[in-house]
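*Asks:*
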Amino acid sequence: MTEYIENPALWALVVLLLIVIAVVVRQRKAAMALRQEIAGLREYYSDLEHHYMQSVAAAQEQAEEATKTVLKSAMRTLQGLAAEQQLILSRLQTKHGESVILQDLLEIDHTNSQFGRRAQSIAVLCDGWLGRHRDNASVYDVVRSAQGRVRHFRRVEILSQVDFGISSRAVEPVALALAELLDNATSYSSPDTVVEINIRTVPKGVAIVVDDAGVGMNDEERARAERLLSSDRVKSVAGLGNPPQFGLAVIGVLSERFGFEVSVDSSSPYGGVRAVVLLPHELLTSMPEKKAPAPPMTRSSVPPPQPNGPEPVPASPTTTDGLPLRRRKRPMAIVPGSAPTPIASARSGAETAAIMGAFQRGTRSGRAARGDDADQTSSTRGSSSEGHEFS
Amino acid sequence: MNGPEDFELEAAELVRPYVITKGRGLPDDDQLSLITLVTAAPEQVQRPLRLSPEEQRLLDLCSAGYLSVAEIAGHTRLPLGVVRIMLAGLTEAGYLITRPPVARARLADKELLEEVLSGLRAKFG
Numbered sequence: 045m046t047e048y049i050e051n052p053a054l055w056a057l058v059v060l061l062l063i064v065i066a067v068v069v070r071q072r073k074a075a076m077a078l079r080q081e082i083a084g085l086r087e088y089y090s091d092l093e094h095h096y097m098q099s100v101a102a103a104q105e106q107a108e109e110a111t112k113t114v115l116k117s118a119m120r121t122l123q124g125l126a127a128e129q130q131l132i133l134s135r136l137q138t139k140h141g142e143s144v145i146l147q148d149l150l151e152i153d154h155t156n157s158q159f160g161r162r163a164q165s166i167a168v169l170c171d172g173w174l175g176r177h178r179d180n181a182s183v184y185d186v187v188r189s190a191q192g193r194v195r196h197f198r199r200v201e202i203l204s205q206v207d208f209g210i211s212s213r214a215v216e217p218v219a220l221a222l223a224e225l226l227d228n229a230t231s232y233s234s235p236d237t238v239v240e241i242n243i244r245t246v247p248k249g250v251a252i253v254v255d256d257a258g259v260g261m262n263d264e265e266r267a268r269a270e271r272l273l274s275s276d277r278v279k280s281v282a283g284l285g286n287p288p289q290f291g292l293a294v295i296g297v298l299s300e301r302f303g304f305e306v307s308v309d310s311s312s313p314y315g316g317v318r319a320v321v322l323l324p325h326e327l328l329t330s331m332p333e334k335k336a337p338a339p340p341m342t343r344s345s346v347p348p349p350q351p352n353g354p355e356p357v358p359a360s361p362t363t364t365d366g367l368p369l370r371r372r373k374r375p376m377a378i379v380p381g382s383a384p385t386p387i388a389s390a391r392s393g394a395e396t397a398a399i400m401g402a403f404q405r406g407t408r409s410g411r412a413a414r415g416d417d418a419d420q421t422s423s424t425r426g427s428s429s430e431g432h433e434f435s
Numbered sequence: 031m032n033g034p035e036d037f038e039l040e041a042a043e044l045v046r047p048y049v050i051t052k053g054r055g056l057p058d059d060d061q062l063s064l065i066t067l068v069t070a071a072p073e074q075v076q077r078p079l080r081l082s083p084e085e086q087r088l089l090d091l092c093s094a095g096y097l098s099v100a101e102i103a104g105h106t107r108l109p110l111g112v113v114r115i116m117l118a119g120l121t122e123a124g125y126l127i128t129r130p131p132v133a134r135a136r137l138a139d140k141e142l143l144e145e146v147l148s149g150l151r152a153k154f155g
């Protein structure tokens with residue numbers, strides 16, 4: 045044993061072993077430290093990346109917001125101008141109704157409507173202004189309004205009507221969404237085909253069905269359309285592609301905000317796309333009454349026939365003959381009344397004379413009242429009632 | 031979306047006139063002038079539902095007897111040309127009959143009138 049201890053080789057071996065152990069332990073420590081460092085760095089990196097992404101997203105959002113704000117106010121100006129121009133055109137059309145210019149005015153009106161719709165669509169994507177206030181309108185009129193906003197409106201045919209109205213707040217959004225659908229339908233079908241619109245009542249409300257005879261959509265397009273119409277659509281104006289495809293994005297925004305449903309996932313019987321707009325009962329009203337056409341004019345022109353009050357009444361049933369449209373009958377009743385023969389035969393000569401006499405006395409007292417007016421302004425009412433006493 | 035400022039101004043008509051006319055052109059003046067007389071065709075029993083409310087209204091107006099184009103236009107809010115286009119369309123479809131205006135009476139001879147006047151003066155004046 046001792047000879048082993050005295051053996052220097054053994055000692056050398058032991059020392060070597062110790063050194064090796066020490067080195068290994070140190071290396072291991074170093075490796076551990078390095079590993080920790082790497083982990084730390086990795087964490088730091090991912091943290092950094094996360095922050096970076098966040099700030100990029102924030103910057104993007106900010107830029108998007110800024111774009112939207114700019115576009116919104118720009119579109120607001122354009123929309124205002126288009127609406128103003130539309131009013132001017134309406135006035136011109138009435139003024140030059142007899143002239144050949146009317147034809148051109150109608151065309152300008154059509155172009156202006158399309159222009160207004162484009163601005164309106166962009167505004168909708170920027171959460172902007174939708175347009176001026178509208179009254180309740182019949183579904184049929186809203187559909188026709190939408191029809192007027194697309195270029196090829198002559199190819200659109202409305203095949204059926206329903207007795208429902210759309211409440212005022214939904215008139216413009218439904219018209220705009222439908223106009224975008226019609227725009228798609230007319231642009232993606234050949235120019236000699238017709239785009240059909242059917243309006244039907246369904247248990248859930250009213251469905252407006254738009255059928256085109258185009259080439260339809262493939263699966264990819266259909267998926268894209270569905271995505272645009274659903275809530276996870278492109279949120280930004282920048283994501284609309286070039287040339288931008290507003291249509292479905294606009295419809296998606298509008299349907300979500302105003303609570304109607306739009307689907308484009310079925311095929312039309314003509315091979316194209318069938319788009320369905322489903323208006324729930326919340327957006328529907330009863331059929332709005334048509335405004336009496338030019339009521340002040342017709343009413344002021346009839347005071348003399350008023351004494352024969354009962355007369356228009358028997359005449360009005362003949363004019364109705366089971367019309368599906370409920371409308372105010374008064375202006376129509378005036379017309380049979382103004383036809384000369386029935387009035388003349390129904391009134392005796394004495395009656396006519398009495399009426400004419402009353403009329404004459406009335407005008408005389410009116411003229412007298414105007415003379416008094418010069419002296420005292422408040423006497424008009426008194427003198428006119430005086431005139432009634434005479435008759 | 032609908033601020034108070036949005037209600038300042040009245041919006042123009044929802045349905046534009048060119049949609050009501052379905053984009054058709056103005057009829058010829060000799061086909062349908064201001065004083066052409068129009069009435070509903072007698073044999074129409076049931077009107078198709080395809081007619082627009084404006085067209086239905088025109089038929090209602092015309093159902094009582096002959097009316098002039100100008101008169102019909104006066105009863106609607108629409109521009110006269112638009113009414114003429116619609117009336118032409120309805121006439122083509124056979125819902126309406128038009129009658130050319132009554133020919134103007136020929137003016138009496140001025141000399142003859144003067145002779146009558148002088149005769150009357152001689153007798154009574």
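Sequences listed follow chains A and B, in order. Just so we're aligned: the first sequence equals residues 45 to 435 in the working numbering. Just so we're aligned: the second sequence equals residues 31 to 155 in the working numbering. Don't be surprised by glycine CBs; every beta carbon is placed ideally from N, CA and C.
#1: State the beta-bridge partners of residue 247 of chain A as determined by DSSP.
#2: Taking beta-carbon pairs under 7 Å, can you tell me which members of the stretch 128-148 of chain A lie near chain B?
#3: Of all Cβ atoms in chain B, is any one closer than 8 Å to the Cβ of residue 153 of chain A?
#4: Counting Cβ pairs, one atom from each stretch, are 3 or more of them under 8 Å apart for the stretch 253-263 of chain A and the stretch 312-319 of chain A?
#5: Near residue 71 of chain B, which residues of its chain fall below 8 Å by C-beta distance, leaving aside the five closest residues on each side in sequence?
#6: What span of residues does the beta strand (DSSP E) with residue 182 of chain B cover, start to end?
#7: Are the beta-carbon atoms of residue 249 of chain A and residue 329 of chain A separated by less than 8 Å?
#8: If I'm right that residue 167 of chain A touches residue 42 of chain B with Cβ under 8 Å, what's the distance once you round it to whole angstroms?
#9: Report the rounded CA-to-CA distance for residue 70 of chain A versus residue 87 of chain A, giving the unit in angstroms.
#10: Quick one, are the C-beta atoms of residue 114 of chain B and residue 57 of chain B less than 8 Å apart?
#11: Determine the direct distance from the alpha carbon of residue 47 of chain B to that of residue 108 of chain B, and round the result to whole angstroms.
#12: Out of curiosity, what's the CA-to-CA distance linking residue 316 of chain A and residue 105 of chain A?
#13: In chain order, what residues of the same chain have a beta carbon less than 6 Å from the beta carbon of residue 214 of chain A, not counting five sequence neighbours either side?
#14: Does DSSP put residue 136 of chain B in a helix, in a strand, or in coil?
#15: Output needed for residue 186 of chain A: all residues of its chain with C-beta closer than 8 Å, excluding positions within five of it in sequence on either side, in chain order.
#16: Using the Cβ count rule (16 or more neighbours within 10 Å means buried), how would you classify residue 51 of chain B?
#17: Where DSSP assigns a beta bridge to residue 181 of chain A, which residues make up the other side?
#18: Going by CA-CA distance only, name the one from A:110, A:196, A:141, A:122 that's closest to residue 173 of chain A.
#19: Opposite residue 80 of chain B in the DSSP bridges: which residues?
#20: Check whether the stretch 196-206 of chain A touches the stretch 264-271 of chain A, counting contact only when three or more Cβ pairs, one atom from each stretch, lie closer than 8 Å.
#21: Identify, in the order they occur along the chain, each residue of the same chain with its Cβ nearer than 8 Å to the Cβ of residue 274 of chain A, setting aside the five sequence neighbours on each side.
#22: Give the residues of chain A in contact with residue 112 of chain B, contact being defined as C-beta atoms less than 9 Å apart.
#23: So, for residue 320 of chain A: in the same chain, excluding its five sequence neighbours on each side, which residues have a beta-carbon less than 6 Å away from its beta-carbon?
#24: Counting along the chain, where does the beta strand (DSSP E) carrying residue 166 of chain A start and finish?
#25: Let's see if you can read the secondary structure: which residues bound the alpha helix (DSSP H) around residue 107 of chain A?
#26: Of the choices B:49, B:55, B:40, whose alpha-carbon is the least far from that of residue 144 of chain A?
#27: Which residues of chain B have a Cβ atom closer than 7 Å to the Cβ of residue 188 of chain A, listed in chain order?
#28: In terms of residues, what are the limits of the beta strand (DSSP E) holding residue 324 of chain A?
#29: Tell whether a beta-carbon distance below 8 Å holds between residue 154 of chain A and residue 146 of chain A.
#30: Does residue 106 of chain B come out as helix, strand or coil in the three-state DSSP assignment?
#31: At a Cβ threshold of 8 Å, is residue 233 of chain A touching chain B?
#32: Check each candidate in B:102, B:67, B:65, B:64 and name the one with the smallest Cα separation from residue 84 of chain B.
#33: Check the Cβ-Cβ distances between residue 55 of chain B and every residue of chain A, and say whether any is below 8 Å.
#34: Pull the bridge partners of residue 241 of chain A from the DSSP assignment, please.
#35: Quick one: Cα of residue 109 of chain A to Cα of residue 331 of chain A, how far?
#36: Less than 8 Å between CB atoms is the rule here; does residue 109 of chain B satisfy it with respect to chain A?
*Replies:* Inspection of the coordinates gives the following:
#1: In the DSSP output, where bridge partners are listed per residue, residue 247 of chain A has none listed.
#2: Taking 7 Å as the Cβ-Cβ cut-off against chain B, the residues of the stretch 128-148 of chain A that qualify are 130, 131, 134, 137, 138, 141, 142, 144, 146, 147.
#3: yes
#4: yes
#5: 124, 125, 126, 127
#6: As displayed, chain B neither begins before 31 nor continues past 155, which places residue 182 of chain B out of reach and without an answer.
#7: no
#8: Their Cβ separation, rounded to whole angstroms, is 18 Å, which puts residue 167 of chain A and residue 42 of chain B out of contact at 8 Å.
#9: 26 Å
#10: yes
#11: Each residue's Cα considered, the two are about 8 Å apart.
#12: 38 Å
#13: So the qualifying residues of the chain are 302, 327.
#14: It is coil, neither helix nor strand.
#15: 210, 215, 218, 219, 222
#16: By the beta-carbon neighbour count (other beta carbons within 10 angstroms, threshold 16), residue 51 of chain B is buried.
#17: DSSP, once it has assigned bridges, lists A:210 as partnering residue 181 of chain A.
#18: Selection A:110, A:196, A:141, A:122 evaluated against residue 173 of chain A yields A:122 as nearest (Cα-Cα).
#19: None, per the DSSP bridge assignment.
#20: Contact between the stretch 196-206 of chain A and the stretch 264-271 of chain A is absent: fewer than three C-beta pairs spanning the two stretches fall below 8 Å.
#21: Here the set comprises 296.
#22: 137, 141, 146, 150
#23: 251, 253, 307
#24: Residue 166 of chain A -> not in any beta strand (DSSP E); alpha helix (DSSP H) instead, spanning 145-169.
#25: Secondary structure note for residue 107 of chain A: its alpha helix (DSSP H) is the uninterrupted segment 52-139.
#26: B:55
#27: 45, 49
#28: For residue 324 of chain A, the uninterrupted beta strand (DSSP E) run begins and ends at 317-324, by DSSP.
#29: no
#30: Residue state, collapsed to three classes: coil.
#31: no
#32: With distances taken between Cα atoms, residue 84 of chain B lies closest to B:102.
#33: yes
#34: A:202, A:254
#35: 40 Å
#36: yes
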